[in-house]
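Residue numbers (my numbering): 3 to 281.
Report on the structure given below.
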């Protein structure tokens with residue numbers, strides 16, 4: 003599954019396979035949608051078609067039984083047509099999903115720590131899934147496959163153990179979309195909203211396709227409000243992101259000066275650790 007995000011300018015940024023921010027923005031046909039494409043190449047220009055996750059390629063074996071879904075309010079659902087990039091069970095789904103308070107998680111990367119504060123009230127099912135994946139070490143020893151440097155889309159996308167932008171946890175769950183974001187000042191149509199510097203959000207491949215991929219916003223970005231925001235990056239984490247972003251996007255034979263693709267400075271999440279201290 004690809005996740006995608008979309009930059010906002012009218013210029014048609016080639017869209018890429020998605021999964022980039024697909025998970026991010028739900029690939030709209032926007033020229034620049036943030037996609038969580040299948041590969042770094044996919045990352046290049048967000049591409050529309052790629053992001054729409056279709057379930058047509060289900061294997062006969064997978065079609066024999068319906069996908070399992072948890073019974074709580076989050077209804078985490080298996081995606082047999084998109085098997086897990088790294089084996090992990092479905093998350094717990096208690097009837098009373100924790101929906102208050104914050105939880106701290108630190109991504110220990112090769113460029114320094116990226117501290118995250120997860121907001122249960124904003125997105126209880128997303129936080130519950132993210133903490134489940136952290137606890138199962140799903141994010142340990144993974145790379146952040148996509149960096150965008152558009153004037154209206156500045157994010158680092160991570161969370162796919164396969165490193166391609168196509169991988170996920172083998173399950174999906176519904177969106178918990180923000181409803182109070184201010185309009186993006188760069189979008190005269192008023193359609194895109196401000197995903198401010200420091201925002202932590204889920205990439206996706208269309209409505210209700212959240213999995214494991216997430217993105218960290220290092221400069222104010224303009225996106226349709228199709229990506230679940232579930233926390234924020236701390237000051238030390240933003241300093242780390244700034245160092246990564248300063249390295250730019252890795253050039254390719256096709257594009258010597260890309261604004262969307264693999265980070266020129268490879269980013270490895272060595273470990274994702276939950277803090278049990280109360281803040």
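Where a beta carbon is used, it is the ideal one built from N, C-alpha and C, also for glycine.
Item: Beta-carbon proximity of residue 174 to residue 228, cut-off 8 Å; Value: no
Item: Helix, strand or coil at residue 146 according to DSSP, with G and I counted as helix; Value: coil
Item: C-beta atoms of residue 196 and residue 179 nearer than 8 Å; Value: no
Item: Cβ shell of residue 132 (< 6 Å), same chain only, five flanking positions each side left out; Value: none
Item: Alpha carbon of residue 81 to alpha carbon of residue 87, nearest angstrom; Value: 12 Å
Item: Validate contact between the stretch 185-195 and the stretch 159-175 using beta carbons, cut 8 Å, 3 pairs; Value: no
Item: Cβ pair residue 105, residue 90 closer than 8 Å; Value: no
Item: Nonlocal neighbours in the same chain, by C-beta distance under 6 Å from residue 267, ignoring five residues either side; Value: 246 and 249
Item: Runs of beta strand (DSSP E) wholly within the stretch 167-251 (minimum 3 residues, chain order); Value: 195-197, 201-204, 216-221, 223-225 and 231-235
Item: Same chain, Cβ closer than 8 Å to residue 240, five either side skipped, listed in chain order; Value: 199, 200 and 220
Item: Three-state class that DSSP yields for residue 265 in the structure shown; Value: strand
Item: Range covered by the beta strand (DSSP E) that runs through residue 105; Value: 104-111
Item: For residue 161, the three-state DSSP class (helix, strand or coil); Value: coil
Item: Neighbour-count burial assignment, residue 103, 16 or more Cβ in a 10 Å radius; Value: exposed
Item: CA nearest to the CA of residue 155, picked from 272, 140, 79 and 187; Value: 187
Item: Limits of the unbroken alpha helix (DSSP H) element including residue 254; Value: Counting along the chain, residue 254 falls outside any alpha helix (DSSP H), and DSSP gives it neither H nor E.
Item: Outcome for residue 147 when other beta-carbon atoms lying within 10 angstroms are tallied against a minimum of 16; Value: buried
Item: Of the residues 95, 76, 204 and 233, the one placed nearest residue 119, counting alpha carbons only; Value: 233
Item: Through-space distance from residue 67 to residue 151, alpha-carbon basis; Value: 43 Å
Item: Residue 137 in three-state terms, based on DSSP; Value: helix
Item: Best match in 252, 115, 204 and 210 for proximity to residue 276 [C-alpha to C-alpha]; Value: 115
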